[in-house]
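In the working numbering, the protein residues as written are 758 to 1005.
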């Protein structure tokens, strides 16, 4: 599916750009600090906002179906794909399970990884009471395997810009795995320790989300660049564009 074939709309909401929409799929840019789905905060969440927008734009009575097939942490922004029918939701969810769902991220790290490129495998255990995750020993009860690949793209003033490809979709995976190798993400208030300052925005962005189209089976790839602000603006925009076209 080429970019020219994509149906584009200006906005679903004033701050939620729509990347693509057809009868089966909706791809958007998730704003930072908006929960993906309803949570204990009671703040407006992306799923509810998009459902309301679809209801208004398409003049639909009653409840609107919109399937959540993958998630981004609240502080994270970037490309996301939703399903507009239950069949699409089932097929996209299967793409996630079978690892045919593409997830490409960029992040700014505190410090510099020992290896400029690598594949990380950890076992992560989530504490639902505190909504925190930690890397634990293999075989720990309840722990799930987490795998990612990263490549360092640039450095600036003690920070590193990296490209990350996820092979699994564990809760807080990138944040915890990078912390585990001694390079927590810039602005990570949960896992950054004394390297993060109050008010700093987590520097993690979903550059690309993609999967086989649930009906046509065409390869879908939707991308979004991080905002032009610190620390992202420490590097030229061309680096982010190159990451999208030259995956790990």
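Even for Gly, the Cβ is constructed at its ideal location relative to N, Cα and C.
- For residue 963, the number of other beta carbons within 10 angstroms of its own is at least 16, and it is reported as buried.
- A direct Cα-Cα distance of roughly 16 Å separates residue 818 from residue 842.
- At least 8 Å separates the beta-carbon of residue 916 from that of residue 961.
- Contact between residue 837 and residue 785 holds: CB atoms are separated by about 6 Å, below the 8 Å threshold.
- Spatial neighbours of residue 939 in its own chain (CB-CB distance under 7 Å, excluding positions within 5 residues in sequence) are listed in chain order as 868.
- DSSP, read as helix, strand or coil, puts residue 998 in helix.
- Exposed is the label assigned to residue 974, since fewer than 16 other Cβ atoms lie within 10 Å of its Cβ.
- Counting every other CB atom within 10 Å of its CB across the protein chains shown gives residue 787 a total of 16 or more, marking it as buried.
- When secondary structure is reduced to three states using DSSP, residue 779 falls in the coil class, being assigned neither helix nor strand.
- For the pair residue 794 and residue 863, the CB atoms are not nearer than the 8 Å cut-off.
- With contact defined as three or more Cβ pairs closer than 8 Å, the segment 980 to 991 and the segment 852 to 859 are not in contact.
- For residue 917, the uninterrupted beta strand (DSSP E) segment begins and ends at 916 to 923.
- Between the segment 821 to 841 and the segment 799 to 807, the count of C-beta pairs closer than 8 Å reaches three or more; the two stretches touch.
- Taking 8 Å as the cut-off, the Cβ atoms of residue 891 and residue 905 do not count as close.
- Residue 859 is positioned such that its CB atom lies closer than 8 Å to that of residue 967.
- Listed in chain order, the alpha helix (DSSP H) elements of length 4 or more contained wholly in the segment 815 to 864 are 843 to 854.
- Going by beta carbons, residue 943 and residue 930 fall outside the 8 Å limit.
- A straight line joining the alpha-carbon of residue 948 with that of residue 833 spans about 14 Å.
- Setting aside the 5 residues that flank it on each side, residue 924 is surrounded in the same chain by 856, 904, 905 and 906, each with a C-beta closer than 8 Å to its C-beta; the list follows chain order.
- Pairing residue 775 with residue 831, the inter-Cα distance amounts to about 18 Å.
- Inclusion of residue 815 and residue 972 in the CB contact set at 8 Å is not warranted, their separation being larger than that value.
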